[in-house]
Each structure stands twice: as C-alpha cells, then as structure tokens.
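Undergrad: Dumping the structure here so I can ask a few things about it.
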Amino acid sequence: IFTTQEVNFADTTETIVKGGRDLFPLLPKAFEGIKNIGVIGWGSQAPAQAQNLRDSLNEAGHEATVTIGLRKGSSSYVEAKECGFSEDAGTLGEMFDVIKQSDLVMLLISDAAQAKLYKEIFAAMKPGATLGLSHGFLLGHLDSIGEKFPEDMDVIAVCPKGMGPSVRRLYEQGKEVNGAGINASFGVHQDVSGKATDLALGWGVALGSPFMFETTLSSEYKSDIFGERGILLGAVHGIVETLYRRYQRQGMTAEQAFLESSESITGKIVKIISTQGIKAVYDQMNDEDKKTF
Numbered sequence: 024i025f026t027t028q029e030v031n032f033a034d035t036t037e038t039i040v041k042g043g044r045d046l047f048p049l050l051p052k053a054f055e056g057i058k059n060i061g062v063i064g065w066g067s068q069a070p071a072q073a074q075n076l077r078d079s080l081n082e083a084g085h086e087a088t089v090t091i092g093l094r095k096g097s098s099s100y101v102e103a104k105e106c107g108f109s110e111d112a113g114t115l116g117e118m119f120d121v122i123k124q125s126d127l128v129m130l131l132i133s134d135a136a137q138a139k140l141y142k143e144i145f146a147a148m149k150p151g152a153t154l155g156l157s158h159g160f161l162l163g164h165l166d167s168i169g170e171k172f173p174e175d176m177d178v179i180a181v182c183p184k185g186m187g188p189s190v191r192r193l194y195e196q197g198k199e200v201n202g203a204g205i206n207a208s209f210g211v212h213q214d215v216s217g218k219a220t221d222l223a224l225g226w227g228v229a230l231g232s233p234f235m236f237e238t239t240l241s242s243e244y245k246s247d248i249f250g251e252r253g254i255l256l257g258a259v260h261g262i263v264e265t266l267y268r269r270y271q272r273q274g275m276t277a278e279q280a281f282l283e284s285s286e287s288i289t290g291k292i293v294k295i296i297s298t299q300g301i302k303a304v305y306d307q308m309n310d311e312d313k314k315t316f
C-alpha cells in the first residue's frame, strides 16, 4: 500500500517510508478489517495518538471507532472526556472491556503495568486481533522470563520519536505547515495475517509522522533504554555532578561550581548540537582538540 525507500547511511541501509496527509486516502485500505481500535492507557503517548488516529481516520472516511481503555476508577477519565471520548458514545471504558472488543489493541500503558498485566491482556484479546506497541520493552521482559507473544496474533510497533504533547501539537500544525510532525520508527514482530506491515505504516501515517524508518522491537527497546534511561536519566546527571565536584576541587565556591556545571550542559555546545549536529562541534575545534575529540 505504501511506497518504501532504501537510504544508505555509512555502511548500513535503512528502509524508510515518507508520510504526509496526501496519503490519508490510503488509510481505509491499510486499516481494512479494523473497526474497533482500543487505545489502552492515558499517559504521555495515548492522548496524542488516540486523537490523531481518530481525526485522521475520520478525514480519510474510514469508519473505525477509537476507544480509550482505562483502569476502573482512573482519574484520567476526566481528561479523556475533555478530549472528546465518552462512555455514552462508546469511546471510553474499562480497559479489559475495551481490549475484548478491539481489532487493534494499542497498548500504551507503562512498562511496569505491561509486565504485570500482559497475561490478562493476551487472554482478553479476541482471535485475529493485532497487538500494537509504541515501545519494545514488553518483548525484553518476555525474553527475560522465557516467554513469548501468543503465536496467533500480529504484533506491530509504531514508536514516535517525541513526547506525546509534541506528537499532537505538530499534528495540528501539520494541517497548515507541510512536513510538520514527529517522525516514528515502525516494526513488525509477528505477521500472521500478512497485513501487519500495512497496518503499522497506516498507523504511522495516521499519527502524522513525516517519515517512518524500519526497526525491530528488540532494537527499539535496547536503544530506548540506553538513550533515554542510560543517557538522559543517568549519564547527564552523572556528568553534571562530576563537573560540579571537579570545579570545587579547582577552588570554586559551591555556587560558582553549580553555575559552571549547569552552563556546560545548557550552553553553547548543546545549542550547536541541537541546531547543527555533533559534527558542527568537531568542525569548530582546532587540530589538537579534534584529535582529543
């Protein structure tokens, strides 16, 4: 359904798909047979993905119902209703009730909740339903305990490369600005139906992703854990603390050390990386510093 392209980076070849609102007419075919989509959870990704999917499928003329599934008594019911989902309309309900009726189950609850509830979730899914993930952690958990996804279901992933609020904001911006949106990776872990790739790419297009690149669930969760948890949550803190202690050993006051270490993380180098890439930092160095770098 969607045209793929192969792009060479260094010694690797990446498979990518260009998204865009001009592809919305292809969504009914990509979502063929999908009448009920259950978005399970209401964290960072779920509000954005549920609204984007609902709006894109409506625009494409595909009659599918996007329903939010939450824990009974969840405080998120109020927020979901504010976004246009309701129990009266059948688009908001208890998570396992929603899972049972869904053709596509987009499991967007926390990693901890997935690890705790996966058996009940698998058991609740109806025959022929597809499991959709936006993070591969559940595969890592299953591998670690010697278990697998049920073999009779498609398992796909679409993983936006940005926080949920940005996914929604740039989707809205994309209505006026061509190319606005958050890129995403996509992966097909199990394809029992033979339609899993089309559905995954349709999901990405419906989210408003300008570009999608192919990955695997295994690669996704490993890179995510390393990049987000190892680097952003661990290494950055460690770097700042190390700099702070180093500056104090050099004779700075606690206040001076704090300011210098903060500037090291938020100053000129970071701005260059964000706007021009890491190579721009290298290009601005002298020959000796380039060797050290």
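Following my numbering, the numbering of the sequence shown begins with 24 at its first residue and continues without gaps. Glycine included, C-beta positions come from ideal geometry on N, C-alpha and C. In this text the structure is predicted, and so the values were computed from the model without any measurement.
Between the alpha carbons of residue 150 and residue 34, how many angstroms are there, rounded?
TA: Cα-Cα distance, rounded: 41 Å.
Undergrad: Where residue 231 and residue 197 are concerned, what is the direct C-alpha to C-alpha distance, given to the nearest angstrom?
TA: Residue 231 and residue 197: Cα-Cα distance of roughly 8 Å.
Undergrad: Return helix, strand or coil for residue 126, following the three-state DSSP convention.
TA: In this structure, residue 126 counts as coil in the three-state DSSP scheme.
Undergrad: Who are the near neighbours of residue 48 in its chain, counting only those whose CB is closer than 8 Å to its CB and skipping five residues on each side?
TA: 83, listed in sequence order.
Undergrad: What are the partner residues of residue 207, as DSSP defines its beta bridges?
TA: Answer by DSSP bridge pairing, in chain order: 183 and 235.
Undergrad: What is the C-beta distance between residue 156 and residue 127, in whole angstroms, given that I count them as a contact (C-beta under 8 Å)?
TA: Rounded, the Cβ-Cβ distance is 11 Å, inconsistent with contact.
Undergrad: What residues match up with residue 28 in a beta bridge as DSSP calls it?
TA: Paired residue(s): 39.
Undergrad: Only counting runs of 3 or more residues, tell me where the beta strand (DSSP E) segments fall wholly within the stretch 62-142, in order along the chain.
TA: Segments of the beta strand (DSSP E) lying fully in the stretch 62-142: 88-93, 115-117 and 127-130.
Undergrad: To the nearest angstrom, how far is it from the Cα of residue 176 to the Cα of residue 61?
TA: Between residue 176 and residue 61, the C-alpha separation is close to 15 Å.
Undergrad: Quick check: what's the CA-CA separation for residue 211 versus residue 217?
TA: The straight-line gap from Cα to Cα measures roughly 11 Å.
Undergrad: Take the Cβ of residue 64 as the centre, count every other Cβ of all protein chains shown within 10 Å, and call the residue buried at 16 or more, exposed below.
TA: Residue 64 should be labelled buried.
Undergrad: Could you tell me if residue 272 is buried or exposed, where buried requires 16 or more neighbouring beta carbons within 10 angstroms of its beta carbon?
TA: So residue 272 counts as exposed.
Undergrad: Anyone know if the C-beta pair for residue 147 and residue 123 falls short of 8 Å?
TA: Yes, the pair counts as a contact, with Cβ atoms nearer than the cut-off.
Undergrad: Helix, strand or coil: how does DSSP classify residue 212 here?
TA: Strand, per DSSP.
Undergrad: Since residue 153 is in the beta strand (DSSP E), which residue starts that stretch and which ends it?
TA: Unbroken beta strand (DSSP E) run through residue 153: 153-156.
Undergrad: Below 6 Å CB to CB, which residues in the same chain sit around residue 228 once its five sequence neighbours on both sides are set aside?
TA: Cβ within range, chain order: 42 and 46.
Undergrad: Could you check the C-alpha separation between residue 28 and residue 110 for me, to the nearest Å?
TA: Approximately 42 Å, taken between the alpha carbons.
Undergrad: Where DSSP assigns a beta bridge to residue 177, which residues make up the other side?
TA: DSSP lists 153 as partners of residue 177.
Undergrad: Is it right to say residue 158 is buried, meaning 16 or more other beta carbons lie within 10 angstroms of its own, or is it exposed?
TA: So residue 158 counts as buried.
Undergrad: Can you check DSSP and say which residues form a bridge with residue 60?
TA: Residue 60 pairs with 89 and 127.
Undergrad: Could you give the first and the last residue of the continuous alpha helix (DSSP H) run that contains residue 312?
TA: Start and end: 310-315.
Undergrad: Let me check understanding here. Comparing Cα to Cα, which of 306, 263 and 180 lies closest to residue 290?
TA: The residue with the shortest Cα to Cα distance from residue 290 is 263.
Undergrad: Output needed for residue 30: all residues of its chain with C-beta closer than 6 Å, excluding positions within five of it in sequence on either side, in chain order.
TA: Around residue 30: 37 and 39.
Undergrad: Going by the CB atoms, is the gap between residue 90 and residue 116 shorter than 8 Å?
TA: In contact: residue 116 and residue 90 (Cβ atoms closer than 8 Å).
Undergrad: From 144, 241, 270 and 249, pick the residue whose C-alpha is nearest to that of residue 93; which is it?
TA: Checking every option, the nearest Cα to that of residue 93 belongs to 144.
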